[in-house]
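Chains as they are written, first to last, in my numbering: chain A, -13 to 100; chain B, 5 to 119. Yeah, the Cβ is synthetic: ideal placement off N, Cα and C, and Gly gets one too. Take a look at the structure set out below.
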Amino acid sequence: DVKVTQSSRYLVKRTGEKVFLECVQDMDHENMFWYRQDPGLGLRLIYFSYDVKMKEKGDIPEGYSVSREKKERFSLILESASTNQTSMYLCASSPRQAGSYEQYFGPGTRLTVT
Amino acid sequence: AQTVTQSQPEMSVQEAETVTLSCTYDTSESDYYLFWYKQPPSRQMILVIRQEAYKQQNATENRFSVNFQKAAKSFSLKISDSQLGDAAMYFCAYRVGTSYDKVIFGPGTSLSVIP
Chain A
-13 DVKVTQSSRY LVKRTGEKVF LECVQDMDHE NMFWYRQDPG LGLRLIYFSY
37 DVKMKEKGDI PEGYSVSREK KERFSLILES ASTNQTSMYL CASSPRQAGS
87 YEQYFGPGTR LTVT
Chain B
5 AQTVTQSQPE MSVQEAETVT LSCTYDTSES DYYLFWYKQP PSRQMILVIR
55 QEAYKQQNAT ENRFSVNFQK AAKSFSLKIS DSQLGDAAMY FCAYRVGTSY
105 DKVIFGPGTS LSVIP
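Printed below as a string of structure tokens:
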């Protein structure tokens, strides 16, 4: 079974704090993704990575950065957390190949910024 | 721009009955893939069913089936014999066939199952 794990299920941070969300997958997938999930908006892609040290901006990268130093680990960084970054954050991974492959998701981190 | 629309924010179904969730998408591509994902309350999102656009036959996975209308750009999910465990958020998603990466998700439909 593919496993994607995220470092925290719930996180509460103060405005202005630097926040690290970590994601680890154990299936040797090349692609990893960070999404933000908000009611009525579905999942919106923040950043993705298709290889170690590679990253691509998604649809809403502002206020976020990422790091991928190892193939299995993809970190999302909020440099200075703001209240509008309160949300559910989902990590996902997938193999880098054409075809109808699926994305495998982690359990999510519910972040509250006060 | 490619978009995915789910016009039903919430739906409910009686246990053992059948329900259909709607999804439409907008694309100019001819080669793409469509997915339905399920997110149970406080649990991980998982794939329910997938459809390759080049296949005319509708995909089926046990009690789950799709009605894929390529010309109408419609991809609905039918759940037969609904069970309490089907209660979840359902997301329709789209990926271009030539893209290894980006998936576009709809806003989701919250399905309740009434005992």
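Given this structure, state the Cα-to-Cα distance separating Tyr98 (chain B) from Leu81 (chain B), to the nearest angstrom. Indexing the second sequence from 1 puts residue 98 (chain B) at position 94. Indexing the second sequence from 1 puts residue 81 (chain B) at position 77. Between Tyr98 (chain B) and Leu81 (chain B), the C-alpha separation is close to 14 Å.
Looking only at its own chain, which residues have a Cβ that is under 7 Å from the Cβ of Ser116 (chain B), when we skip the five neighbours before and after it? For the purposes of this step, residue 116 (chain B) is taken as residue 112 along the second sequence, with counting starting at 1. Excluding positions up to five away in sequence, the list reads Ser16 and Ala91.
Quick check on Leu31 (chain A): does DSSP put it in helix, strand or coil? Along the first sequence, one-based indexing puts residue 31 (chain A) at 45. In the structure shown, Leu31 (chain A) sits in a strand (DSSP, three-state: E or B).
Relative to the alpha-carbon of Cys9 (chain A), which residue among A:Ser(-7), A:Tyr21 and A:Asn17 has its alpha-carbon at the smallest distance? Start at 1 with the first residue of the first sequence, and residue 9 (chain A) comes out as number 23. The shortest Cα separation from Cys9 (chain A) among A:Ser(-7), A:Tyr21 and A:Asn17 belongs to A:Ser(-7).
By how many angstroms is the C-alpha of Gln11 (chain A) removed from the C-alpha of Phe91 (chain A)? In the first sequence, residue 91 (chain A) corresponds to position 105, counting from 1. In the first sequence, residue 11 (chain A) corresponds to position 25, counting from 1. Going from the Cα of Phe91 (chain A) to the Cα of Gln11 (chain A) covers about 9 Å.
By how many angstroms is the C-alpha of Thr1 (chain A) removed from the C-alpha of Glu56 (chain B)? Taking the first residue of the second sequence as position 1, residue 56 (chain B) is located at position 52. Taking the first residue of the first sequence as position 1, residue 1 (chain A) is located at position 15. When rounded, the distance between both Cα atoms is 44 Å.
Cβ shell of Lys57 (chain A) (< 6 Å), same chain only, five flanking positions each side left out: If you number the first sequence from 1, residue 57 (chain A) lands on position 71. The residues are Val38.
Looking at C-alpha atoms only, which residue of B:Val23, B:Thr9 and B:Leu51 is the closest neighbour of Ile118 (chain B)? Stepping through the second sequence from its first residue, residue 118 (chain B) is reached at position 114. Out of B:Val23, B:Thr9 and B:Leu51, B:Val23 has the C-alpha closest to the C-alpha of Ile118 (chain B).
Gln12 (chain B) to Gly26 (chain A), Cα distance in whole Å? Here residue 12 (chain B) corresponds to residue number 8 of the second sequence, with the count starting at 1. Here residue 26 (chain A) corresponds to residue number 40 of the first sequence, with the count starting at 1. Taking the straight line from one Cα to the other gives about 10 Å.
For Gly89 (chain B), decide whether its Cβ has a neighbour in chain A, counting only Cβ atoms nearer than 8 Å. As a position in the second sequence, residue 89 (chain B) is number 85, starting the count at 1. No, its Cβ sits nowhere closer than 8 Å to a Cβ of chain A.
Which residues mark the beginning and the end of the beta strand (DSSP E) in which Lys42 (chain B) is found? Locating residue 42 (chain B) in the second sequence gives position 38, where the first residue counts as 1. Lys42 (chain B) -> beta strand (DSSP E) spans Tyr36 to Gln43.
Quick one, are the C-beta atoms of Tyr36 (chain A) and Ala78 (chain A) less than 8 Å apart? The count along the first sequence starts at 1 and reaches residue 36 (chain A) at position 50. The count along the first sequence starts at 1 and reaches residue 78 (chain A) at position 92. Note that the C-beta distance between Tyr36 (chain A) and Ala78 (chain A) is not below 8 Å.
If contact means a Cβ-Cβ distance below 8 Å, which residues of the segment 60 to 73 of chain B contact chain A? Close to chain A, meaning a Cβ-Cβ distance shorter than 8 Å, is no residue of the segment 60 to 73 of chain B at all.
Could you check how far apart the C-beta atoms of Ser73 (chain A) and Gln23 (chain A) are, in whole angstroms? I think they sit under 8 Å. Walking along the first sequence from the start, residue 73 (chain A) turns up at place 87. Walking along the first sequence from the start, residue 23 (chain A) turns up at place 37. Gln23 (chain A) and Ser73 (chain A) do touch by the CB rule: their CB atoms are close to 7 Å apart, below 8 Å.
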